[in-house]
Each structure stands twice: as structure tokens, then as C-alpha cells.
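The structure under discussion appears below in the form of C-alpha cells.
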DNA sequence: GATCTATGTAGAT
DNA sequence: TCTACCTAGATCG
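Residue numbers (our numbering): 15 to 282.
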């Protein structure tokens with residue numbers, strides 16, 4: 015499910031499965047029916063991800079998809095089965111078909127609208143064209159907490175609640191510190207780490223952030239396997255012992271989102 | 001069966 | 001800072 019790695023993984027999959035050939039597009043649920051009929055039968059020129067946004071580019075326009083909290087794609091080999099549940103968009107290619115359920119956004123956009131979305135996003139660690147300095151300019155001049163800045167898609171695109179919590183833990187940085195307290199070296203380390211972690215996420219489809227020496231098979235603790243699918247240090251581990259120092263993991267709601275950190279490894 | 005929760009964002013207040 | 005929205009799986013009773 016959806017942080018940036020999920021969308022890049024989907025873009026890669028959709029490019030491979032459906033790119034360069036005509037596709038059938040429909041909206042069994044009906045909410046996307048008019049736009050679906052516009053692109054139905056057209057060639058899917060390219061699938062692309064930017065941050066948490068996915069684009070299906072056609073000659074005639076681009077389908078813009080944002081999964082929000084609950085959106086999902088399911089995929090299977092042909093033949094396509096009757097729709098189950100609320101299927102916003104169904105895409106049928108030469109060998110496979112995929113159903114989109116529960117997206118925050120699914121809309122047909124013109125090129126200037128696509129450009130506008132990209133323009134308001136910060137650098138995406140999963141894109142080769144990313145300029146991390148742009149994010150640091152925002153961060154290093156802000157009194158806002160690092161926790162909020164890392165989740166702000168206009169500062170940094172693609173990082174969500176799991177990567178935010180985990181990358182701050184991995185660098186021993188307290189989430190409540192103001193952006194301006196971060197020095198350029200720390201920022202470079204965080205950025206490079208996000209590139210590594212998120213690329214691994216694209217490959218595996220899960221978020222794993224725990225270093226080898228802290229893994230359950232090394233330390234003897236039980237593997238955890240949260241619903242997001244990977245081994246993590248602090249995300250959703252409230253009250254459980256920190257994997258490094260044993261202190262109970264802290265939790266607080268910040269701007270309507272759950273924030274997790276280790277009070278000892280990430281001192282204020 | 002009802003209720004809760006979630007890796008997100010936009011728009012109103 | 002709040003509320004609405006999109007859905008399905010987990011949890012409660």
C-alpha cells in the first residue's frame with residue numbers, strides 16, 4: 015500500500031504489462047465512466063510515478079491516480095473476471111487485467127494540469143531527476159518540525175508515515191526538532207538513505223528498514239510482519255522495546271497522523 | 001454485524 | 001485544526 019515506493023512499483027509494472035499497446039479502460043463502478051470511455055482503446059504511451067502520484071499517459075491526455083490511504087490495484091492474468099466490490103477503473107491489456115479500488119483521485123488530465131501537479135511536488139528520492147538541494151532549502155529555513163516537513167509533499171515527494179518515522183530513527187534524529195536545526199551533512203545522509211530504502215521498497219513491495227544486526231534471526235526476537243509487510247524499528251511499535259536500546263517506543267498524534275520514535279535513540 | 005483503523009490529501013474554518 | 005472522502009481488513013461483541 016501506498017507510499018512512494020508502491021506507486022513507482024505500480025508504474026514499472028503497468029509500463030511492462032500494458033505500455034506501448036492499446037488497452038481497454040472501463041469503470042465498472044461508474045464514477046470514472048466518462049473519462050474511461052475517452053481513453054478506452056487508446057495506446058498507453060507510458061506509465062509514470064512522481065511521489066505518490068501515478069500517471070497513465072495517453073496521446074489524448076493522462077489518467078492521474080492518487081491512492082490516498084486505501085486505494086489499491088489488484089492484477090491477474092486474462093481472462094478478466096466480473097468486477098467484485100467498488101472498481102473505479104479496470105484496465106485490460108494483452109495478457110493481464112488490473113482493477114483500481116478506493117483511490118483518492120482518478121481523473122483525466124491535460125498536459126498542463128499534469129505539469130502543475132509535478133510542479134508543486136518536492137524532489138522524489140525515487141526519480142533520477144530529483145534535486146535534493148531544493149528540499150534542503152525548505153527544510154533548513156523552516157521552524158516547522160522535521161516530522162511535518164518530511165511528510166509535506168511540496169518539500170519531499172513520496173515519503174509517507176512509515177518512511178518518515180523510520181528514516182528519522184535510523185539517523186537518531188528527534189522528530190520534533192525544527193527543520194532549521196538540520197545541517198547539510200545530516201540532510202545528505204537522510205536523502206541518500208531514503209534513496210536506498212525506497213529503491214529496496216520498489217524491488218520488494220514492502221518497507222524494510224532494520225539493519226542486519228537488529229533483525230529477528232540475529233537477535234532472537236519474534237519477527238513482526240506488520241500489515242505494511244516489512245521489518246521496521248518504530249512504526250506502529252508503541253510501547254514495545256526499541257530494537258537498539260530497549261526503551262519503549264513512544265507515540266504521539268501530530269497533525270492527525272501517528273508519529274513514532276525512540277526517546278533515547280532520538281533525544282530531543 | 002457493528003465498529004475501528006489505516007502507509008493520504010484537499011478544502012473549510 | 002477540523003472534517004470529509006475513498007475502501008477493506010482486523011477486531012470487538
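Ideal Cβ positions, reconstructed from N, Cα and C, are used throughout, including at glycine.
* Could you spell out the range, first to last residue, of the alpha helix (DSSP H) harbouring residue 22? => Within the first chain, the letter at position 8 stands for residue 22. Residues 18 to 32.
* Asked: Taking the alpha carbon of residue 248 as the point to measure from, which residue in 221, 112, 154, 231 has its own alpha carbon closest?
  -> The count along the first chain starts at 1 and reaches residue 248 at position 234. Among 221, 112, 154, 231, the Cα nearest to that of residue 248 belongs to 221.
* Asked: Among residues of its own chain, excluding the 5 on either side of residue 173, which ones have a beta-carbon nearer than 6 Å to its beta-carbon?
  -> In the first chain, the residue the question calls residue 173 occupies position 159. So the qualifying residues of the chain are 164.
* To do: Could you work out which residue in 28, 45, 51 is closest to residue 58 when comparing CA atoms only?
  => Position 44 of the first chain, counting from 1, holds the residue named residue 58. Nearest C-alpha to residue 58: 28.
* Where does residue 20 land, buried or exposed, given buried means 16+ other C-beta within 10 angstroms? -> Numbered from 1 along the first chain, position 6 holds the residue referred to as residue 20. Buried, by the Cβ-count rule.
* Presumed contact (8 Å Cβ cut-off) between residue 22 and residue 63, rounded CB distance -> Locating residue 22 in the first chain gives position 8, where the first residue counts as 1. Locating residue 63 in the first chain gives position 49, where the first residue counts as 1. With a Cβ gap of about 4 Å, residue 22 and residue 63 count as contacting.
* **Sufficient close CB pairs (3 or more, under 8 Å) joining the stretch 136 to 146 to the stretch 204 to 223** => yes
* Quick one: complete alpha helix (DSSP H) runs, 4+ long, within the stretch 206 to 233? -> 230 to 233
* Asked: Taking all protein chains shown into account, do 16 or more other C-beta atoms lie within 10 angstroms of the C-beta of residue 266, making it buried, or fewer, making it exposed?
  -> What you label residue 266 is simply residue 252 of the first chain in a count that begins at 1. Classification of residue 266: exposed, given that the 10 Å Cβ count is below 16.
* To do: Tell me residue 201's beta-bridge partners as DSSP assigns them.
  => Walking along the first chain from the start, residue 201 turns up at place 187. In DSSP, residue 201 forms no bridge with anything.
* To do: Just tell me which of 282, 269, 181, 263 has its CA closest to the CA of residue 275.
  => By one-based count along the first chain, residue 275 stands at place 261. Nearest C-alpha to residue 275: 263.
* Who are the Cβ neighbours of residue 236 in its own chain at under 8 Å, not counting the five residues just before and after it? -> Stepping through the first chain from its first residue, residue 236 is reached at position 222. Correct list, in chain order: 230.
* Have a look at 76, 106, 97, 136 and flag the residue whose alpha-carbon is nearest the alpha-carbon of residue 127. => If you number the first chain from 1, residue 127 lands on position 113. Answer by Cα proximity: 76.
* Asked: Is the beta carbon of residue 24 less than 9 Å from the beta carbon of residue 47?
  -> Position 10 of the first chain, counted from the first residue, corresponds to residue 24. Position 33 of the first chain, counted from the first residue, corresponds to residue 47. Cβ atoms of residue 24 and residue 47: not closer than 9 Å.
* **Alpha carbon of residue 152 to alpha carbon of residue 193, nearest angstrom** => In the first chain, residue 152 corresponds to position 138, counting from 1. In the first chain, residue 193 corresponds to position 179, counting from 1. About 8 Å.
* To do: Could you have a look at residue 63 and say whether DSSP puts it in helix, strand or coil?
  => Residue mapping note: residue 63 aligns to position 49 of the first chain, counting from 1. If DSSP states are grouped into helix, strand and coil, residue 63 belongs with the strands.
* Asked: Taking Cβ positions, are residue 78 and residue 122 nearer each other than 9 Å?
  -> The sequence position of residue 78 within the first chain is 64, counting from 1. The sequence position of residue 122 within the first chain is 108, counting from 1. The answer is yes: Cβ separation under 9 Å.
* Asked: Taking three-plus beta-carbon pairs below 8 Å as touching, is the stretch 79 to 90 in contact with the stretch 154 to 161?
  -> no
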